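Asks: Quick one: the structure is below, and I'll ask about it shortly.
Chains as they are written, first to last, in this note's numbering: chain A, 503 to 927; chain P, 503 to 927; chain H, 503 to 927; chain Y, 503 to 927.
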């Protein structure tokens, strides 16, 4: 099932209401000195990768409820990303997970991606599960393992993932390392860290010259007492040990309660070491909920730092953006549409912040004014701007409404059947 | 310093921009079926009490930075509330704290309140500090104390507070009980709870027939291992033990990390036991920050439950609303203006939720739609509605701008001098 | 594989070292006024149920690493509990989970239990997963569902579980209700609560007269925004609504960060409403780690309240004790042996607290002394007492050493093969 | 009031009970291969500094309850430390806070310290409060301030503190920087960090060659939205920017909920960057409770890493140990005695861990055995070892009992009067 621009235009119907809204808002913003066209273009240029493992229903350790019409292979997954991109014009990339999505026919996979306007973003390795046929188990660790043979297997897997990525046009390897312990004393913290540093350096050493390495961190889960790469400080230290093309990746859900994530973002960008970003939302832990569904103001504050850094930190690379959520009770595609909207909304609002006025208020220690400036941007209803950005590219006025009126899920069920199960979590 | 309607009208200046915004928004909302006039009226009718102890600079255990022109007595405090109310038309009540604000001349105090359109809302006792001249120390507890003489002194103080409140027209006593322990074993949990229940019943027994008792809860601070009334469950149990006119009071800052406060609100209202609400915001603990400055979406979700309960729970009483924040680095009056705006904003957005559509989506298990409905209301820029509500009552278009252009703080410093220090925390 | 007393006696070997330790410690305690024999007897009498789902390897949503020799059916599970009981003399009960462990041959199951000295403790229903062949899905809730047919199915399942339990001699039904929401607005809190109350009452109404109902609470997971029975207050309210034989069940892992669980225990016991207890330990959330492996002092403080309540709260029923942990990286039986040891240790230390001296210090507000008394008990090395209690019953001096020297796991693998997978989580 | 060895020996009375306990325990440990004499010597050699601000009653923002006989000047404070050291033989250092404890007569202060066997450990600056007579206010920051004059004043204060410390024999400056923000947008994270780095380098540049700089971190309080040096990663980055003699200081209470502090300790020691340690305990936040009163097992796990690092990380310097607690409801001296006991206990238990056996179990992935080894050490009652270490130096068998029987507090009240108030928090 592929959505043409005509399908979407039909679903959009009459645009008069939107045009009035956009006219009203853009006039107000222009009066405030905002370059609205440039802002809309920035929103339109912002492209977020969809992970290949997030197109089916997710679950918890307590079980999983099935969903219908899930993609049964990589080609179908890319087709799903294509649907999202057609509707939103902001999902023009896919992020693969190996071995769940190892291509069998590279040419076919690339062709489908091309047809859908999808590129291959960061590629992800997996050393937190045992795969059929692998020699050693990762039960007691992979890149951090004290057992040299297991560690070598995990390094080799990462190298293999890079070779797969090269064939698809990826330029970035993301390592999320689950290694850690569930009980005090189970492992020497110092040795686990030094093994991990050694492994990261080996992987980095094998990277093609135009590739980057992203090192993710997480405080807990699936290990419940310690994780080797537990926080940004540890990831930053490892990235520095590897070299110039190694960076930290921030996943919104991978923090202890009450963490100030925006400050972490600012710190890493100022040091030129923020390489990637995983979007999701959460209330309790790594809940992997729809972006913006719980703490949208925190997301806006994070985007404020990202916008500032993208403008003022030439030392920092372009970032790899990805959604990393789990779709346990919603249609995965609808869930992702909501996430994409929330990301664009936060980005657009952050772009509305008058950085000069903010800096002046900060230097003047006018705390009340600083808050007024941030809240002034945040309270603005930017939906007409997002619609404009989508419409400019041939996307949907209201993606979820279009998705439903075009009966996309019904079409997918028709093509794939009810009971396919997507690979992944 | 008293702000007249003329002062404020002058500060408002030309209203054309507002009128255009209001017209645009109200037309859109009317098209969606919203009764905009009724909504504006509800916002205008919503009155929040200002606590008498929050008009000066607050501090932490690490110190306090002074602020200029603080009110030096109760009359000046009420004058400050009058300024807030004149500007916002939503702060028409004051909540006194005894003994910090015991009136010396009741007639004078009432006259000043009348002049400023301020009524006396819930009155607060203090048994967490020792006052000069009191016989017994509360170092080891007050209403929960095992020592009968100390407990009796604390009960008597509460009775005295009620008598003071009666003279001013209050109808509600709020008890925030700091009693607890800082070390395991320091006190029997069971005995502390039963003493507290006994004390609450005694206080309740002495209440005038038209008075209510509000019982606040808090997990920790100033005690750091346990607090006798630690959560809503404990408060609810005590309120039930007292009787029909005893209720739980929810303070937004008094919860463990990640608590779902909106669910607590819904639970208490369904049982007819939510009696009061203290507004503030926080990132880490009981930080007592400006309302809406950290988690505005959570505030909106809480107002969604409040709006639902006010419409559907006749068993629940009218609520006592109060701001309970600390103003450590902002001008206290500006800080309160920001809080009042945030409260009205959350209320107005909650009123925009289409409850019928929401219920239908809920019954249909359409989780995506439920979220769309909530976010649709939240993403609306309701500032023109709040302005309309203020202007209808003679308030300021933009309260902080008016406060600054009218040089209110400068006027207060002129009247009071720089170095007064308000009583309270 | 069944461990005879002779097997264990052989593994114990020479007891001289133990006897010397026991003599030294018991003399010291007798000098302090402790009735050591009575204490040892209390420890010996303390029996903890093993849940039938915890005898195989557990996992997380990120995967599961297999373990060898897992029990493949209910009979083998009871055999595993028999091994634990033979070694420790403190695991004389099993807690079944339906439908994972629905007996096919009741007589055979009861016979095996009898042979192993195992009784059937509280029985558990499951309405958080869909089972093959059931008509309705619990994806959107069970006992709290707005859909009457689904709710009725869930109630009927609970009634069926009771009928199964009756045949085995159980007297208690435990409900852990996963119902909740993952997104704001997904469900009306008030309606979900009232549906749940209705369902609990229906189940309670069908209970045999000599049965009790235990209502568990949990703040989050598998739902990530709200859980209907989120805390002790909600469970307590529901238990009160049901009647005298309905109680709250406390699971150590089901609390928000920093919760004071011992205070919850004390509160519930003082009101006669603590019915059951699930042991585990955790650092971050519901990590389900080995009891006592992370916060043993907190466990001791909780036991202090349990000991106090068992002695002073005749209004509270006998408690149903159970371990509820997940064994992701340890041999499940060894993990349970460590948990059982930690429980007995905390209980024995709590029994050592001089309650009269503690009360005197509390009444005297001697906070330092209170702490000295608690720490004095806690710092005592009580292992000789636990050994004595085990040896008196024919158990192992050191259960894990005996388990290993008797090659129990190897025996189980020999009987069952490597690749059985136990039902359950 | 000075305690002589004779006073203490009298208070100790008959040592037969201790000797029997020590004999029993040491024989057991010798059988396990422990060099008991060496262990006792290590415990005896471990010296912890007492901060000069912790000898009076502390409080919270809600108030402070007075205590009697507090030291009224620096000489009396050192006298109090002398009492602690005489009783425990483990408190042979004091850590001063400037300007609270700026000496007026250096010779006299040094003489009193000498008489009491007290040396001057790390010295602390204060730029989180305004002092009478200083030109600029730190309300909006000190070392991180955007205002150059304020920043320079804060740097100069630190330089001045070093000059004071030089006269007393200190070799270490500790910076705890409260700078941060209470509201989003209040300050540029990037600029605050770079200003702080600049200030730290300036201070470091002025340090004498034999001095070290310790940089403390803290996530929140007194600022409630962000702190410039928020975590170990930020402190580590700053220490690296300064140079070889700049290190991170870990305060147990300065972490987000659920932090794995022992892993932070291990990481810093492996990189040679852990310079100091502040002991306290907490349940909710920076509660500053008695060491070991809430989470003694976590303290033991931290000491396990410290012991490992002290033995295996020659790249790491000797650490500055200090207690940093607040004494709100206990006699400060008794509270510190309890803290000192808890520190020694955790250290002694950590020394009991069989590191070779632990490493073997780790390499063998024997998670159960690892836990057994740690718990085996932890469950040992080491009090006789601590007593032995104290008695060897002429200290008290039971410090608190001696303190009480010698009527130390009564003596201090006699000398100082009831109503002195110590400087500090």
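Glycine included, C-beta positions come from ideal geometry on N, C-alpha and C. Nothing here was measured: the structure is a model prediction, and the numbers come from that model.
1. Which of the three DSSP states is assigned to residue 769(P) in this structure?
2. Any C-beta of chain H sitting closer than 7 Å to the C-beta of residue 756(P)?
3. Residue 561(Y) CB to nearest chain A CB: under 7 Å?
4. DSSP state of residue 698(H), grouped into three classes?
5. Taking 7 Å as the threshold (beta carbon to beta carbon), is residue 759(A) in contact with chain Y?
6. Any beta carbon from chain H within less than 7 Å of residue 911(Y)'s own beta carbon?
7. What is the DSSP secondary structure of residue 827(Y), reduced to helix, strand or coil?
8. Look up residue 749(H) in the DSSP assignment and give the residues it is bridged to.
9. What residues from the segment 555-581 of chain Y come within 7 Å of chain P, judged by C-beta to C-beta, listed N to C?
10. So is residue 821(Y) in contact with chain P if we call contact Cβ pairs under 7 Å?
11. Note down, in chain order, each residue of its chain lying with its Cβ closer than 6 Å to the Cβ of residue 689(P), except the 5 sequence neighbours on either side.
12. Which bits of chain H does residue 795(A) rub up against, with CB to CB less than 9 Å?
13. Judging by CA-CA distance, which residue of 516(H), 567(H), 733(H), 605(H) is the nearest neighbour of residue 770(H)?
14. Tell me whether residue 822(P) sits in a helix, a strand or coil according to DSSP, three-state version.
15. Can you round the beta-carbon distance between residue 904(H) and residue 551(H) to whole angstroms, since I take them to be within the 8 Å contact cut?
16. For residue 735(A), count neighbouring C-beta atoms within 10 Å of its own C-beta (all shown protein chains included) and say buried if the count is 16 or more, exposed if not.
17. Residue 923(P) and residue 831(A) look like a contact to me (Cβ under 8 Å); what is the Cβ gap, rounded to whole Å?
18. Are the C-beta of residue 691(A) and some C-beta of chain H separated by less than 7 Å?
19. Report buried or exposed for residue 813(H), applying the criterion of at least 16 other Cβ atoms within 10 angstroms of its Cβ.
20. Opposite residue 683(A) in the DSSP bridges: which residues?
21. Exposed or buried, what is residue 606(P) when buried is set at 16 or more other beta-carbons lying within 10 Å of its beta-carbon?
22. Kindly indicate the opening and closing residues of the beta strand (DSSP E) around residue 779(H).
23. Where does residue 696(P) land, buried or exposed, given buried means 16+ other C-beta within 10 angstroms?
24. Indicate whether at least one CB of chain H lies closer than 7 Å to the CB of residue 735(P).
25. Look up residue 565(H) in the DSSP assignment and give the residues it is bridged to.
26. Per DSSP, residue 626(H) is paired with what?
27. If we cut at 7 Å on Cβ distances, does residue 831(A) have a partner in chain H?
28. Look at the alpha carbon of residue 906(A) and the alpha carbon of residue 660(A), and state the distance between them as a whole number of angstroms.
29. Would you verify that the beta carbon of residue 798(P) is, or is not, closer than 7 Å to some beta carbon of chain A?
30. Would you list the residues sitting across from residue 652(A) in a DSSP beta bridge?
31. May I ask you to verify whether the segment 855-868 of chain Y touches the segment 854-866 of chain H, counting CB pairs closer than 8 Å and requiring at least 3?
32. Using a Cβ-Cβ cut-off of less than 9 Å, list which residues of the segment 768-795 of chain A approach chain H; keep chain order.
33. Taking its Cβ as the centre, do 16 or more other Cβ atoms sit within 10 Å of residue 599(H), making it buried, or is it exposed?
34. Which residues, in chain order, does the segment 641-672 of chain P contribute to contact with chain Y at a C-beta distance below 8 Å?
35. By how many angstroms is the C-alpha of residue 781(H) removed from the C-alpha of residue 534(H)?
36. Pull up the DSSP beta-bridge partners for residue 552(A), would you.
Replies: The answer reads as follows:
1. Translated into the one-based positions of the second chain, residue 769(P) becomes position 267. Note: residue 769(P) maps to helix in three-state DSSP.
2. Numbered from its first residue, the second chain carries residue 756(P) at position 254. Judged by the 7 Å Cβ criterion, residue 756(P) is not in contact with chain H.
3. For the purposes of this step, residue 561(Y) is identified with residue 59 of the fourth chain, where counting begins at 1. No, its Cβ sits nowhere closer than 7 Å to a Cβ of chain A.
4. Against the third chain, residue 698(H) aligns to sequence position 196. Here residue 698(H) sits in helix by DSSP.
5. Locating residue 759(A) in the first chain gives position 257, where the first residue counts as 1. Yes, its Cβ sits closer than 7 Å to a Cβ of chain Y.
6. For the purposes of this step, residue 911(Y) is taken as residue 409 along the fourth chain, with counting starting at 1. No, its Cβ sits nowhere closer than 7 Å to a Cβ of chain H.
7. Mapped onto the fourth chain, residue 827(Y) falls at position 325. Correct three-state label for residue 827(Y): coil.
8. Residue 749(H) sits at position 247 when you count from the first residue of the third chain. DSSP lists 716(H) as partners of residue 749(H).
9. 561, 562, 563, 564, 565, 567
10. Counting from 1 along the fourth chain, the entry for residue 821(Y) is found at position 319. False, the Cβ-Cβ gap to chain P never drops below 7 Å.
11. Numbered from 1 along the second chain, position 187 holds the residue referred to as residue 689(P). Contacts found: 683.
12. Against the first chain, residue 795(A) aligns to sequence position 293. The answer, in chain order, is 684, 685, 686, 727.
13. For this step, residue 770(H) is matched to residue 268 along the third chain. If we check each option's Cα against that of residue 770(H), 733(H) comes out closest.
14. Numbered from its first residue, the second chain carries residue 822(P) at position 320. Here residue 822(P) sits in strand by DSSP.
15. Stepping through the third chain from its first residue, residue 904(H) is reached at position 402. Stepping through the third chain from its first residue, residue 551(H) is reached at position 49. Incorrect: roughly 22 Å between the Cβ atoms, too far for contact.
16. Translated into the one-based positions of the first chain, residue 735(A) becomes position 233. It counts as buried.
17. Numbered from 1 along the second chain, position 421 holds the residue referred to as residue 923(P). Numbered from 1 along the first chain, position 329 holds the residue referred to as residue 831(A). That pair is no contact at about 54 Å.
18. Counting from one through the first chain, the residue named residue 691(A) turns up at place 189. No, because no Cβ of chain H sits closer than 7 Å to the Cβ of residue 691(A).
19. Within the third chain, numbered from 1, the residue matching residue 813(H) stands at position 311. When all chains shown are included, residue 813(H) counts as exposed.
20. Reading the first chain from its first residue, position 181 is the one you call residue 683(A). 728(A), per the DSSP bridge assignment.
21. Counted from its first residue, the second chain places residue 606(P) at position 104. Classification of residue 606(P): exposed, given that the 10 Å Cβ count is below 16.
22. Position 277 of the third chain holds residue 779(H). Where residue 779(H) is concerned, the enclosing beta strand (DSSP E) stretches over 776-781.
23. Translated into the one-based positions of the second chain, residue 696(P) becomes position 194. By the neighbour-count rule (16 or more Cβ atoms within 10 Å), residue 696(P) is not buried but exposed.
24. Taking the second chain and counting its residues from 1, one reaches residue 735(P) at position 233. Taking Cβ atoms only, chain H reaches closer than 7 Å to residue 735(P), which makes this a yes.
25. If you number the third chain from 1, residue 565(H) lands on position 63. Residue 565(H) is bridged to 562(H).
26. To locate residue 626(H), count along the third chain from 1; it is residue 124. Paired residues: 599(H), 676(H).
27. Looking up residue 831(A) in the first chain gives position 329. Yes, contact with chain H.
28. Residue mapping note: residue 906(A) aligns to position 404 of the first chain, counting from 1. Residue mapping note: residue 660(A) aligns to position 158 of the first chain, counting from 1. Using only the alpha carbons, I get a separation of about 40 Å.
29. As a position in the second chain, residue 798(P) is number 296, starting the count at 1. Answer yes: the Cβ-Cβ gap between residue 798(P) and chain A drops below 7 Å somewhere.
30. Position 150 of the first chain, counted from the start, is the residue given in the question as residue 652(A). In DSSP, residue 652(A) forms no bridge with anything.
31. no
32. 784, 785, 786, 787, 789, 790, 791, 792, 795
33. Here residue 599(H) corresponds to residue number 97 of the third chain, with the count starting at 1. With 16 or more Cβ atoms within 10 Å of its Cβ, residue 599(H) is classed as buried.
34. 641, 642
35. Along the third chain, one-based indexing puts residue 534(H) at 32. Along the third chain, one-based indexing puts residue 781(H) at 279. The straight-line gap from Cα to Cα measures roughly 30 Å.
36. Along the first chain, one-based indexing puts residue 552(A) at 50. Looking at the DSSP assignment, residue 552(A) forms a beta bridge with 596(A).
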